[in-house]
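Residue numbers (the numbering used here), protein chains in the order written: chain A, -10 to 330; chain B, -10 to 330; chain C, -10 to 330; chain D, -10 to 330; chain E, -10 to 330; chain F, -10 to 330.
Below is the structure:
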């Protein structure tokens, strides 16, 4: 038996991605699943391996002292109350993005986690992707110098062909194009720029295509950001495009630039008129199968095991990204710049 | 002898690009050059071909009735008074970008040209480049549907290795990164989006590299735009980067997207998970040798010859781009959104 | 239960390709298989899913009123009598290519289908491939103008390493290189040129390689075609080559050309000296796994459901391609041009 | 002084290509030019180097005993009488393609050359191109085995942008698309197949584009050929396309195939599902600058010097290609197959 | 039942690669496995298919007359005594590389096999890889002329992430970087040069990375070789690098060169300033899944069946490669050149 | 007038490469040329620009006090006495590679330069090439860690098509393949490994091609090296190959590897199974036009101007490379390892 038992709440598509990733780590395993639908323990165990108990009542799951971690895979609007309850029950927490749809909910989760002293891991797993591990290493090795401008954008047409579309088009579920999907790009931008946001302005719009008509909110936005150290950034979140998936990154610094998997650094005396290229797997699809859940969960269980906080994607870190997203969405709504921090 | 004699004012690097381009057209030829330096007519004629008269006094040049067109190649801060004088003298006008450094000067030029009923051609020659002729044709063929989001950006490190750097670093000469160089990108964005701008917000900053320290103004800016029809856009102007020249274009519409020389269109039933590619010469350098001056001037002389207005790059059209640039620069300066139109 | 039950006749390699494709549609499912070999219903059901009844006698299968569609997957020389019988029994028909080996058989099938008013779908599934859906869309969007010359060719070395080789080398089974395999290319050429053939001339030959010695007919032919509107075409059918599979397409029109996945169109103002490229899956193998059976069958069941004729690959449409093939083969045999239509 | 003095007759574009190529050889030099226009010897010498005498009367040129070779660069309809006269005058001959417009003229030239025992070199210089030297070497090394099918095609849109267009559109000057330009492709096909043609059938047509309306003859043709050894071939000649220049080659033999610069050979045990690639300069433009005139002329002067016949492109060899072209054109005109040989 | 029953001795990773490869041949099948661990016959049969009997005692396995072939998959230091015993028992032999760790053991094995007249196949399966089948064919076709210089190198970082690392770091198991892994490269070099080695000199060293510290021997060596005919060669064996797997080949001859999958041959008249490319699967990983075990074993069973010796990888042939390796390792150890043969 | 006047001795091909490179610097200019042939000052000045005096007697040139630097471009066997004379005359020295053909000459040159306290620059200009500036920067940035193995090789077929061939085939002029051309590769290897050589072993041979028969020495050699810190290296020098020019570099260190313009570094967390790529101009031809003479000479004049020693390519530095080359050649000759240092 491995050391950490995990109970999943919400048994949809994302749960089926969490389960093998958790079971693939050296320290964790899924032992419980809670859903509003009636599930059968035997069938779940057969499907996912190991011994899984089905729950219909989340409180019952929380009452089980053999469960050490709860992974919140429910709809975004259910996250806050479940996280608060789980924290009170002393469970460590894995929480899917987006964390929630309002600043109030965000604060409630943070407060509960701090009070209960539980560890938290938010699914901004792109920080553990091949692309951003390499990108961050290039920055940290000083090859780009000090960054003063950065763009990270999310282009991914989420239409009827995509599972999430069914519920994600609702305002109270998806929230905004930046929150529901672009959050990965904005979070990656903050990772790269490594600095505090002081102001954002955001403009938004919608495609005229019928395909995307069901959305109750604007499905394209572009946000510009000012950082405390004077550098600036930009994040476009476009879920109503018809094109290949594109997670666009362009970073500009005092010693060079990075564009997706290409870079130039004055420090290496390479040809400035052509890009050098980094061997990396680009984020090129919205599917979790391309995302490094397992590396992230491994890091979380290792953190639990050594009593440390989760690196890169703790609730505290992820909360900062959400604050900027909420500010950007408020800017688009109110038509004026919003101060942060 | 060809039909239109052209007098050049300002004999710097850009003049040496205008001269062969004008002489390469079927209807125009350079017959006069005016400079604050003493020039020798014989030497100029030998160097550039044809018979060129050197002038030291611009009024003398204007007094010559055999000169039909004046091409303004002087420093940007000299444009307004020269354009006004030339228009009064009844000369048609070719004017280098940027047109001027203030809205007041812009209005003065427009007024003078209208009053004198002279024809005008502003050097936004990127509109005549292989890249944007093809891009515009793809849009006009309906392959992208109705555009709702567009980005055109200008990344070109203009440091001591680049001729322009000598004077361009001065606030009263270069103006801003958007005005001095990014203007091509913003003008191309307006061409593609084909709609009236109603509001802009712009953030700006500077590289920490010593290389760019001489600049008296911020050398990186990012501007977001709202159009009258609800669509939105974005333009980054970065003259302090250290990377290959990059004129980045990304257009998103109801039937597909275009990214530089790549595109996807639902109308062609191609694979949505990969880009189709357009054979085109990308704008990949800041040098005029890559820019289609000659095509533009040929169009201007043809317009003169048929009594029509210059297509695509008349003063009226170019003035709209400059208004947006001035608004963006004001936004960056004042820290608030600026209404246009 | 889905709406249309399908009975397969002939349980060879092609049947194993039809079954999952049929079961993959939204409206059809395989419920019967008839073979001259003794098959076991339980085993067939286990292997292919669903409930499949094994038949040894085709008449018995036809007598089953619960079977709505018959898919003819037998040897080409058996098609005619089976199609006629099935039509008489009121079954709709899916028929593998080639339809038959003689014009007499073709007419018999057409007559029977018309008399019985059953719907028909012939397996010219390349018309539903990514490559030809895109190619046809490019033509229909007018990017090539009016076509006046077209080539579609089939290069695929069918030797002992290829299953079909066992029986396909017989004159009374394979017929000719154009009929047995090149028919896909000729059919695609007619799709693209969209016009009636009035005359063909064909020359044929054989490889000197021992590998292909077992063939009882010439295994390379080249056919040229005249269309009613004056345009011309060409189709090479080569099953005795030793090279990568190649489905070569070259279309020449009044606004541009298309070469496989490349094209040039004057309408897009791209560079005429280089090809633009279309993102598409090229037909690059003779295996059905590369062929779009499922899309074709889905279209057929949808047609049945709405009482319409099968689009693109009905018996009437496919018969026209076979008439041209028979004429071409007659030309090669007789050594003179053959009139069509 | 080099050994062979050459007199040029016809001072158009092709002459300006011959002159430097001849002067670039180790044994030949241009010393005379004859044109119907008045030319100045001093000016010609200055332009082309060396000492060149201008002639207005071809007979005068022929009367000069210091001229050893005549290069015939006049319009195709003037070739025959000039060649006959030059041969009678004992001059060796370089003759541009096409040789002439009729079989009668061809026979007259052959007869005169044989009678006078002069050496001849016809400008089928593609036989000396990098592409066909390598292609022929691959065949001769046995890597393709015995060829049984071959295609060589010529796609080159010759419109108003191309110098030749001015006179080439006339029936009595251009002749046919196969004769005027496609002759290079047909000649290369015969080189590769290395066998005698016994029959041809040709179909022809025209583009509907206005661009090509001035042509007095059909500008697209496709010809199929039977060879004495049973192998077959095909040649398309398309001068009314709008696409990149394409000299398409596809050869199929008993050990492998060659497609342009790609090949597969069973003898090398490489992967049959992918092409191997040959490093070669493809014929990718209609300009003589891409054609290997100089290699060809060097070979001719070496042949003269050793008293041998010109290899690869003697009049006898080139005559065979022209006979096939005339037969093909007659087939297109008469609508029936034409026997050759 | 197929003709040859094979008993495996040593049930580690390499055995699991041999089993399906043997079972995939037309004549052989695994019927016995012998391991020092207790194995269960039923479980083995279920896992690998067929009927497999588990043995704990190798002598018992050898005593079984139904076993015709023994495949030696144990640790290298166990090979010699097992091979000798199996030969004495009259079993034919498949032996994994490296054969053994000393010349004495090598001679013992050779002697036993000769005495017993059993057939032998050593796992230098790279000789049956796509890469070296093609490379050898290019040499044999004379495209490179007579070789006078050759390099084949092995770069493959074998660290803790690689299964073998566990035991391979021991001096008495791995031996040397050249013996444990580089042996494939040296063996391939001998295959290509096709000549007897007369002298070797080898230098060796180790990476300073902690990752490779566990190795008890030097993990990088470079060996130069003199052949009897005067040609020379070189083989680097590097198992302590951090880079992509690279099996580097460079052969230089009197008609051309080959570099990995690229070549130039004067015989094909291709462009000497660029490489032609051969379509082949490069050896690009240390995993057996990339290695052609099955082709090799098929050839072995065919040899058994026709009473011939194993081509390319018999014990006699492989012994020659090991002699050179032992000489090279002795050179590195003693610091002087070692004579061979 | 610029500050440093340069006199050239030896007016062959290499001199014509030095002259524009020297004149292209900011501080130097060629004012004298000395040759054994009679040259005309006026003609030389016209050809190369500036004012150049022709000398027939080297002592006269040395006697001219206005000449500050002598560039030695004569045959290698003339270098020593000219360098000694020039040093005695107080001239600074540019010396072409190879420096000389014997250790005695090398020592004489070193002694003379030291005694005269003149500055020296040896033409190992590859150290100033784009490729090795970038390679060295990658090493110095620590991206490869500590190097323990390195290869730099020189493959360049120097046959009759190459100017140098005329005299270079003589033993007393070319010396050896390593000395005459491979010296660039060996020098670059020492630059990269940055360590003292303690021993070398070299094997040599010749191509069997007639093309290279005129060489009086072996034209292929491979040398292995031991460095003081335990790392090892290898250098092949092949001037008798028939393939594209290839300056092969492979460096292996404790954090990654570099292969030509590709690299992997564990420090950047990129994908270890694929190479990252550096934008650089590879040394891809033996022509000086590809070599960075001008950068090197600029650095030399700057060194003169600031009284510093020449960086990277001083006589002292270059002497170390020559010592290793002489040792390697002695090893090949004597058949045993040679100690260095």
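Glycine included, every Cβ here is placed at the ideal spot set by N, Cα and C.
For residue j and residue i, the rounded distance between their alpha carbons
i	j	result
residue 63 of chain E	residue 244 of chain E	44 angstroms
residue 171 of chain A	residue 120 of chain F	41 angstroms
residue 229 of chain C	residue 209 of chain C	7 angstroms
residue 186 of chain F	residue 134 of chain E	36 angstroms
One or two residues paired with residue i in a DSSP bridge
i	result
residue 344 of chain E	Nothing can be reported for residue 344 of chain E, as the shown portion of chain E is limited to -10 through 330.
residue 266 of chain B	B/251, C/266
residue 43 of chain B	B/22
residue 240 of chain F	F/139, F/247
Contact list for residue i against chain B, beta-carbon separation under 8 angstroms
i	result
residue 269 of chain C	259, 260
residue 265 of chain C	265, 266, 267, 268
Residue environment, residue i, which counts as buried when at least 16 other CB atoms sit within 10 Å
i	result
residue 94 of chain E	buried
residue 264 of chain A	buried
residue 9 of chain D	exposed
residue 157 of chain F	buried
residue 262 of chain A	exposed
residue 32 of chain F	exposed
Amino acids of chain C, ordered along the chain, whose beta-carbon sits closer than 9 angstroms to that of residue i
i	result
residue 316 of chain B	Ordered by position in chain C, no residue passes the 9 angstroms Cβ test against residue 316 of chain B, which lies about 31 angstroms from the chain.
Contacts that residue i makes with chain C (C-beta to C-beta distance below 7 angstroms)
i	result
residue 347 of chain B	Outside the shown range of chain B (-10 to 330) lies residue 347 of chain B, about which nothing can therefore be said.
residue 127 of chain B	257
Where residue i meets chain F, residues with beta-carbon distance less than 7 angstroms
i	result
residue 122 of chain A	258
Assumed close pair residue i, residue j - CB separation to whole angstroms, cut-off 8 angstroms
i	j	result
residue 27 of chain F	residue 51 of chain F	Their Cβ separation, rounded to whole angstroms, is 19 angstroms, which puts residue 27 of chain F and residue 51 of chain F out of contact at 8 angstroms.
residue 227 of chain D	residue 148 of chain D	At roughly 12 angstroms, the Cβ-Cβ gap does not stay under 8 angstroms, so residue 227 of chain D and residue 148 of chain D are not in contact.
Closer than 8 angstroms at the beta carbon, the chain E residues around residue i
i	result
residue 165 of chain D	None at all; the shortest Cβ gap to chain E is about 32 angstroms.
Chain B contact residues for residue i, given Cβ-Cβ distances below 7 angstroms
i	result
residue 130 of chain C	256, 257
Where residue i meets chain E, residues with beta-carbon distance less than 7 angstroms
i	result
residue 220 of chain F	194
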